[in-house]
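Structure record follows, encoded as structure tokens.
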Amino acid sequence: DAGVIQSPRHEVTEMGQEVTLRCKPISGHNSLFWYRQTMMRGLELLIYFNNNVPIDDSGMPEDRFSAKMPNASFSTLKIQPSEPRDSAVYFCASSSQAATDTQYFGPGTRLTVL
Amino acid sequence: RKEVEQDPGPFNVPEGATVAFNCTYSNSASQSFFWYRQDCRKEPKLLMSVYSSGNEDGRFTAQLNRASQYISLLIRDSKLSDSATYLCVVNRYNQGGKLIFGQGTELSVKP
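Sequence order for the protein chains is X and B. So the first sequence is numbered by the numbering used here: it starts at 341 and just counts up by one. So the second sequence is numbered by the numbering used here: it starts at 1009 and just counts up by one.
Structure follows, in structure tokens:
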């Protein structure tokens, strides 16, 4: 079975540009999570969806960040405009039941904002 | 104070050694507990869940002490392939299963 798929794997962009990260969860999973990992702050939950509906976006750092899940097999995380402090690895994870089941992580997108 | 705290290490141990990692959590509403493993430049992967009765998976033993809000992971007969960062994770069902990750403990097993 395919795991969580993320694209792109690496992204280098200039400050002020829009960045869109993409995620395809494991088929049949109904919960999807976006995380950010940095050396300073570790792994932080940004937002999660249950049945395509955003449930908790309290981790989204500011209005420059937005996330959508238009259907059960696709989600995007957008940063507009990007800033150097957004440089991090962004992981998407999915699970079959948000509250109790194991979360499976994608390989991550390594974002560098110059 | 971070909600989940771990010793960041690094722990440098020889092959065959026994190594123990500790973790404390501050929110008593935490309801389930895990150890995840993260290899360098890779995604985190579930290593094992942690139960109050303690649980073992081969060379790995996890313990939970709810009264002290303390979680541990013991690795026996460590292998070179055990080198990774070990993340202590708590889950709060009353927040829809939000996972809170510790900063991770880095382990390096040397020949």
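C-beta: ideal position from N, C-alpha, C; glycine also.
Cβ-based contacts, 9 Å cut-off: residues of the segment 1047-1061 of chain B near chain X:
Cβ contacts with chain X: 1049, 1050, 1051, 1052, 1053, 1054 and 1057.
Is residue 1079 of chain B close to chain X, meaning its C-beta is less than 9 Å from at least one C-beta of that chain?
Taking the second sequence and counting its residues from 1, the one referred to as residue 1079 of chain B is at position 71. For residue 1079 of chain B, the closest Cβ of chain X is not nearer than 9 Å.
Between the CA atoms of residue 1030 of chain B and residue 394 of chain X - distance to the nearest angstrom
Looking up residue 394 of chain X in the first sequence gives position 54. Looking up residue 1030 of chain B in the second sequence gives position 22. Cα to Cα, residue 394 of chain X sits roughly 34 Å from residue 1030 of chain B.
Residue environment, residue 1085 of chain B, which counts as buried when at least 16 other CB atoms sit within 10 Å
Position 77 of the second sequence, counted from the first residue, corresponds to residue 1085 of chain B. Counting Cβ neighbours within 10 Å, residue 1085 of chain B comes out exposed, since fewer than 16 surround it.
Which of helix, strand or coil does DSSP assign to residue 1047 of chain B?
To locate residue 1047 of chain B, count along the second sequence from 1; it is residue 39. Coil, per DSSP.
Write down the C-beta distance between residue 1021 of chain B and residue 1041 of chain B rounded to the nearest angstrom, noting that I regard them as a contact closer than 8 Å.
For the purposes of this step, residue 1021 of chain B is taken as the residue at position 13 of the second sequence. For the purposes of this step, residue 1041 of chain B is taken as the residue at position 33 of the second sequence. Not really, about 24 Å apart at Cβ, beyond 8 Å.
Buried or exposed: which applies to residue 426 of chain X, given that a residue is buried once 16 or more other Cβ atoms fall within 10 Å of its Cβ?
On the first sequence, position 86 is the one that residue 426 of chain X refers to. By the Cβ-count criterion, residue 426 of chain X is buried, with 16 or more other Cβ atoms from all chains shown falling within 10 Å of its own Cβ.
Quick one, which of B/1035, B/1025 and B/1015 has its alpha-carbon nearest residue 1075 of chain B's?
On the second sequence, position 67 is the one that residue 1075 of chain B refers to. When C-alpha distances from residue 1075 of chain B are compared across B/1035, B/1025 and B/1015, the shortest belongs to B/1035.
Report the rounded CA-to-CA distance for residue 1090 of chain B versus residue 1061 of chain B, giving the unit in angstroms.
The count along the second sequence starts at 1 and reaches residue 1090 of chain B at position 82. The count along the second sequence starts at 1 and reaches residue 1061 of chain B at position 53. Roughly 24 Å between the two C-alpha positions.
Against chain B: residues of the segment 355-387 of chain X by CB proximity under 7 Å:
Flagged, chain order: 382, 383 and 385.
List, from N- to C-terminal side, the beta strand (DSSP E) runs of 3 residues or more that fit wholly inside the segment 1027-1095 of chain B.
The segment 1027-1095 of chain B contains these whole beta strand (DSSP E) runs: 1027-1033, 1040-1046, 1052-1058, 1063-1065, 1068-1073 and 1078-1083.
Is it right to say residue 371 of chain X is buried, meaning 16 or more other beta carbons lie within 10 angstroms of its own, or is it exposed?
As a working mapping, residue 371 of chain X is identified with position 31 in the first sequence. Residue 371 of chain X is buried by the Cβ-count criterion.
Could you check what DSSP says for residue 403 of chain X in three-state terms: helix, strand or coil?
For this step, residue 403 of chain X is matched to residue 63 along the first sequence. Of the three classes helix, strand and coil, the one that applies to residue 403 of chain X here is coil, per DSSP.
Can you list, in chain order, the residues of its chain whose CB lies under 6 Å from that of residue 360 of chain X, leaving out five sequence neighbours each side?
As a first step, residue 360 of chain X must be located in the first sequence, where it is residue number 20. 416 and 418.
Between residue 400 of chain X and the rest of its own chain, which residues show a CB-CB distance below 6 Å, the 5 nearest in sequence each way excluded?
As a working note, residue 400 of chain X is residue 60 in the first sequence. If we look at residue 400 of chain X and ignore the five residues flanking it on each side, its Cβ neighbours are 386 and 387.
First and last residue of the uninterrupted beta strand (DSSP E) at residue 452 of chain X
As a working note, residue 452 of chain X is residue 112 in the first sequence. 449-453 is the span of the beta strand (DSSP E), which, as asked, contains residue 452 of chain X.
Quick one: complete alpha helix (DSSP H) runs, 4+ long, within the segment 361-420 of chain X?
You should have found no qualifying run.
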